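Undergrad: Have a look at the structure that comes next, please.
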Amino acid sequence: MNFIDRLLETPLIALILKEINQILRNKQLMFLLLFPPTVQLLVFGFSLNPDVQYIKLGIIDYANTYESRELIAAFTENDLFQPKIYTYSQEELGQEVRTGKITAGLVIPPDFNRDLSQNKSAEIQVLIDGVDANTAGIANGYINQIVNQYSRSLNENKSSPLVQVQSVFLYNPGLLSTWFIIPGVIGLVLNLTSTLVSATTVVREKDSGTLEQLLMTPADAWEILLAKIVPLFVLLMGDVLLALSIARFMFKVPLRGNVILFFAFAGLYVLVGIGIGIMLATLARSQQQVILISFFINLPVIQLSGAIAPIESMPTFFQDLSWFNPLRHFVTITRGLLLKGVGIEVLWPNVLMLAIFAVVLLTISINRFRSQLS
Amino acid sequence: MKRIISQCIKELAQFRRDRLTLALAILLPIATLFIYGYAIRLETKDIPIVIQDFSMTPLSRSYVEQLFSTNKFAATPRIGKAEVASAIDRGIAKAAIIIPPDFDREIKNNKTSTIQVLIDGTDANNARVIQNNIKATSQAFLRSSQLQPSNNNVVTRTRLWFNPGRKESLYIVPGVFGVILWIFPSLLAAIAMVREKERGTILQVYASSLTAAELLLGKLLAYFLIGIAQAIFVIILGAILFQISLVAEPSSFIIGTLLFLTNSVMFGLMIGTRANSQNAAVQGVATAGFTTALLLSGFIYPLSNIPFPLSLISNVLPARYYIELSRDAFVRGTGWLGIWYAPIVLFLTFLFLFNVARRNLSRMQLPD
């Protein structure tokens, strides 16, 4: 009993208790910890969908025979194309593409059937709206496959192709794109929340001038700061748990790696985020400035991390630059642990980089904080 | 009218004096243009793949050559046999292609040889692209090596409209204009509105004879002018950097841009009337404005991919209509004919935002 009393009287514990009390009373902070992460995970998860599907297709079938209808069926009987209009006017089709009502057009010529029966090659016309270059390219690939397959099915002496490709999709056999997006968004959410929350709590103390009062107490500068970091760290780990549960139960993202490792590395990233946050707080004079500056930092950090769009498709310069982006490493770790189920033997370069970031950022920001105090 | 203009002049003078916001008004849009314009690319090139050729014959080597002849794939350095799976685990390679020992023999005997492909499915979209490419290459290989002449009776003539070279910047950059002109004018306006509340000067406004509508319109005019300056700057810089140019007759784009700027400023003012601190205002604009403009506007992935309840939001989102307008102006080029509805929607959303902001303000005032 005596020992516990004495422990409670040490400045560090007293300060931690004070911080916890303050945080629990601060409704805005609790809101910041719970609401934005949940909304962000849900909105990002549901709306960022790179799948090429339900491409609106306009069809002109001048041939209007059994064969041409078979070809149309080959286009439309999957989720790729969605027949939108049937018309006989090429002008109308062009107009619909121009106004964006349809994305692709298929024109089957009147002599389609005759050419086929005379064993000549029949030409069909396909036009694709190329504004969305990526979707157009993928759609084009699918169209070629569909037509090839149809063409092969017409041949009586069916000789199967000499080279067959048998592909296996590792880690994500159902090719669900949310499995890719969600681990990225977990990183994004942790990054935003940890920097903002830690920056605003530190700055508020500066804003209201209570920091000077803390300095008058017998506590050392490191104790003041540690007392701030510890409760924040615990709360942010709660956010990690929240994000992971949403990923598991809402989006059914698997967790194939080690859970403890995941929490350990997430903790490392939370430290990086707190480091950035305190750094921002030492740079800014008011809460408003903190948020504006964090906007400036978080925008490139998130965008160049591969959380939303894959790193591999960025220009080489940005790919190389992303090595100096802590979020990139955390997103790689998250995808590795959740989807691939790999462990430290694969992820160690990323973990190492994260650890370096955590140490460097925390050291610099704590030093800046202390020099601002004295 | 006079009161609106003097309010506007006061606002502009304040804006000029605040160094930080002035810097942000210029620097943030440029940074955003650079990052989004250069770094968001959806199509992957030079995908690293590992090849394990057990056949090691001229035929299998020419197959491998065919794979690399497109710019789609790049070889990863040779690794040991057992390490194929671990190369994908480590993310060094996105796919592994395993050519069986009897590849050459089977094909010469006119039998089918099966090539095994392991693909990293983490990025589902890319995985599909990889699979399609390998399949297409295998067919092209059979045709070009005269092993199995094409028996395709149906030939596709494909034309890509508007963007035949499939330049991705043509898709991304007009969208970036929409994102930038949505976030930054509204951010500045929200800060201005809330600053008045934080410093208590709003009480003087209440005490004066200025009505809520006049106050809003004065601020709107000031930030509208700043927004126009930002728009001209960002659009010209973007057009030069990414080599895009107007292809439509410009009146629809100009009118649309002006309407969109009024929307964006009014959205900021509306958030400003709701929020009680600059902190909350900036966060409101940042989270509400940014996520919606980024995710629900069709900026990155097609609008049709947004599922039902969320798609309702994207239907009333000004940024979504402006991005359509700007893509039309820079890529499609149909002008009024294709896009007549966008300016109308933008006008309606402006009226809505204005009314909400005015009601918020008059609720704070004491009734006369």
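Quick note, the sequences are listed as chains A and B, same order. Going letter by letter, the first sequence gives residues 1 to 374 in the numbering used here. Going letter by letter, the second sequence gives residues 375 to 742 in the numbering used here. Built from N, CA and C at the ideal position, the CB exists for glycine as well. Values in this document were obtained by computation on a predicted structure and should not be read as measured data.
#1: Nearest to B/Phe-478 by CA position, among B/Pro-451, B/Ser-434, B/Ile-504, B/Ala-498, is which residue?
#2: For chain B, is any of its Cβ atoms less than 8 angstroms away from the one on A/Asp-51?
#3: Which residues of chain B have a Cβ atom closer than 8 angstroms to the Cβ of A/Gln-303, listed in chain order?
#4: Taking 8 angstroms as the threshold (beta carbon to beta carbon), is A/Arg-69 in contact with chain B?
#5: Counting only the same chain and skipping the five closest in sequence on each side, list residues whose C-beta sits under 7 angstroms from that of A/Val-301.
#6: Can you find the residues in the same chain that come closer than 8 angstroms, C-beta to C-beta, to A/Leu-154, ignoring five residues on each side of it along the sequence?
#7: Could you tell me the boundaries of the beta strand (DSSP E) in which A/Val-107 lies?
#8: Between the segment 655–666 of chain B and chain A, which residues of the former have CB atoms less than 7 angstroms from a CB of the latter, in chain order?
#9: Per DSSP, what kind of secondary structure is B/Asp-742 in: helix, strand or coil?
#10: Measuring straight from C-alpha to C-alpha, what distance separates A/Leu-29 and B/Thr-666?
#11: Measuring CB to CB, does B/Thr-647 end up less than 8 angstroms from A/Asn-144?
#12: Can you confirm whether the segment 260–275 of chain A touches the segment 223–241 of chain A when touching is taken to mean that 3 or more C-beta pairs between the two stretches lie within less than 8 angstroms?
#13: Is there a Cβ of chain B sitting closer than 8 angstroms to that of A/Lys-377, yes or no?
#14: Is it buried or exposed, A/Thr-210, if we count other Cβ atoms within 10 angstroms and call 16 or more buried?
#15: Using a threshold of 8 angstroms, state whether the C-beta atoms of A/Gly-187 and A/Val-331 are closer than that.
#16: Quick one: Cα of B/Asp-742 to Cα of B/Ser-736, how far?
#17: Under the rule that 16 or more other beta-carbon atoms within 10 Å means buried, what is B/Ser-583, buried or exposed?
#18: Quick one: does B/Phe-515 have its CB under 8 angstroms from some CB of chain A?
#19: By Cβ distance, which residues of its chain are closer than 7 angstroms to A/Leu-226, with the 5 residues on each side in sequence left out?
#20: With 8 angstroms set as the bound, which would you pick, yes or no: does the beta-carbon of B/Gln-604 sit closer than that to a beta-carbon of chain A?
#21: Excluding five sequence neighbours on each side, which residues of the same chain lie with their C-beta closer than 7 angstroms to the C-beta of B/Leu-615?
#22: Taking the straight line between their C-alpha atoms, what separation do you get for B/Asp-476 and B/Ser-518?
#23: By the criterion of Cβ-Cβ separation under 8 angstroms, what are the contact partners of B/Ile-600 in chain A?
#24: Just the C-alpha distance for B/Ser-678 and A/Ile-16, rounded to the nearest angstrom, thanks.
#25: Please classify A/Thr-376 as buried or exposed, where buried requires at least 16 neighbouring CB atoms within 10 angstroms.
#26: For B/Glu-385, which residues from the same chain have a beta carbon less than 6 angstroms from its beta carbon, with the 5 sequence-adjacent residues on both sides left out?
#27: Given a threshold of 16 other Cβ atoms within 10 Å of its Cβ, counted over all protein chains shown, does B/Thr-406 qualify as buried or as exposed?
#28: What is the DSSP secondary structure of A/Ser-208, reduced to helix, strand or coil?
#29: On the DSSP letters alone, give me the boundaries of the alpha helix (DSSP H) that A/Tyr-150 sits inside.
#30: Count the CB pairs spanning the segment 531–541 of chain B and the segment 126–146 of chain A that are closer than 8 angstroms, and state whether there are at least three.
#31: Quick one: any contact between the segment 47–66 of chain A and the segment 75–92 of chain A, if contact means 3 or more CB pairs under 8 angstroms?
#32: Which same chain residues end up closer than 7 angstroms to B/Val-639 when comparing Cβ atoms and leaving out the 5 residues on each side of it in sequence?
#33: Could you name the residues of chain A that B/Gln-505 contacts, counting a contact when the two beta carbons are closer than 7 angstroms?
#34: Pick out whichever of A/Glu-70, A/Phe-75, A/Leu-41 has its Cα sitting closest to the Cα of A/Leu-57.
#35: What do you get for B/Tyr-545, buried or exposed, if any count of 16 or more other CB atoms within 10 angstroms of its CB means buried?
#36: Is the segment 291–311 of chain A in contact with the segment 215–225 of chain A, if contact means three or more CB pairs nearer than 8 angstroms?
TA: According to the structure data:
#1: In the sequence as displayed, the identity of residue 478 of chain B is Asp instead of Phe. Nearest option by C-alpha distance: B/Ser-434.
#2: yes
#3: Ile-409, Tyr-410, Ala-413, Ile-414
#4: no
#5: Asn-191, Asn-325, Leu-327
#6: Glu-67, Leu-116
#7: 104–108
#8: Val-656, Gln-657, Ala-660, Thr-661, Thr-665
#9: Because the pLDDT of B/Asp-742 is 49, which lies under 50, any placement of that residue in the model is unreliable, and the number read from its coordinates should be weighed accordingly. Three-state DSSP puts B/Asp-742 in coil, outside helix and strand.
#10: 23 angstroms
#11: no
#12: yes
#13: Missing from the structure shown is residue 377 of chain A; chain A here goes from 1 to 374 and no further.
#14: exposed
#15: Against a cut-off of 8 angstroms, the Cβ pair of A/Val-331 and A/Gly-187 comes out as a contact.
#16: Because B/Asp-742 sits at a pLDDT of 49, beneath the cut-off of 50, its placement in the model cannot be relied upon, and the point is left open.
#17: exposed
#18: Closer than 8 angstroms to the CB of B/Phe-515 there is at least one CB belonging to chain A.
#19: Leu-12
#20: No, because no Cβ of chain A sits closer than 8 angstroms to the Cβ of B/Gln-604.
#21: Gly-411
#22: 21 angstroms
#23: Residues of chain A passing the Cβ test: none, with the nearest at roughly 16 angstroms.
#24: 50 angstroms
#25: Because chain A in this structure spans residues 1 to 374, residue 376 of chain A falls outside the shown range and cannot be described.
#26: Lys-593, Ala-596
#27: buried
#28: coil
#29: 133–154
#30: yes
#31: yes
#32: Pro-559, Ser-560, Ala-563, Leu-594, Tyr-597, Phe-598, Gly-601
#33: Ser-167
#34: A/Phe-75
#35: With 16 or more Cβ atoms within 10 Å of its Cβ, B/Tyr-545 is classed as buried.
#36: no
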